[in-house]
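Structure, as structure tokens:
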Amino acid sequence: MAKRGGFPGGMPGNMNNLMKQAQRMQRQMEEAQKELEEKEVEAAAGGGAVKVKVSGKKEIVAVTIDPEVVDPEDVEMLEDLIMAAANEALRKMDEVSQSSMAKITGGLGGGFGF
Numbered sequence: 049m050a051k052r053g054g055f056p057g058g059m060p061g062n063m064n065n066l067m068k069q070a071q072r073m074q075r076q077m078e079e080a081q082k083e084l085e086e087k088e089v090e091a092a093a094g095g096g097a098v099k100v101k102v103s104g105k106k107e108i109v110a111v112t113i114d115p116e117v118v119d120p121e122d123v124e125m126l127e128d129l130i131m132a133a134a135n136e137a138l139r140k141m142d143e144v145s146q147s148s149m150a151k152i153t154g155g156l157g158g159g160f161g162f
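Its first residue numbered 49, the sequence shown is counted upward by one per residue in this note's numbering.
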């Protein structure tokens with residue numbers, strides 16, 4: 049006679065728990081993403097001569113340039129400083145984002161015991 053009710057050994061209950069955990073993790077990730085979007089990081093280049101601030105949405109929200117580094121004869125240097133500061137700010141935001149998500153997903157350990 050065939051058994052009713054799904055998998056032997058209580059698998060439906062385990063699946064329900066797994067689904068609840070997945071839903072909880074999804075909510076936590078959504079909350080973390082909202083928090084990240086509100087954060088800002090700043091990076092500097094040229095000893096602080098150029099500063100770039102980036103939002104959690106990875107958008108540049110501010111650029112500050114020390115007037116002393118503005119040399120009409122050497123625009124390339126200023127461009128390089130801006131690019132370096134922007135790239136560093138974006139890298140910092142990536143680190144913040146990865147760290148935030150790792151706090152949520154870190155407990156998975158790569159397997160579900162199957």
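Even for Gly, the Cβ is constructed at its ideal location relative to N, Cα and C.
A Cβ-Cβ contact shorter than 8 Å links A93 with E136. Annotation for A132: the continuous alpha helix (DSSP H) segment containing it runs V123 to T153. Rounded to the nearest whole angstrom, the CA to CA distance from L84 to D142 is 10 Å. Residue environment for V98: buried (at least 16 other C-beta atoms within 10 angstroms of its C-beta).
Each residue's CA atom was taken as its position, placing G154 and E116 some 46 Å apart. Counting along the chain, V100 sits inside the beta strand (DSSP E) bounded by residues V98 to S103.
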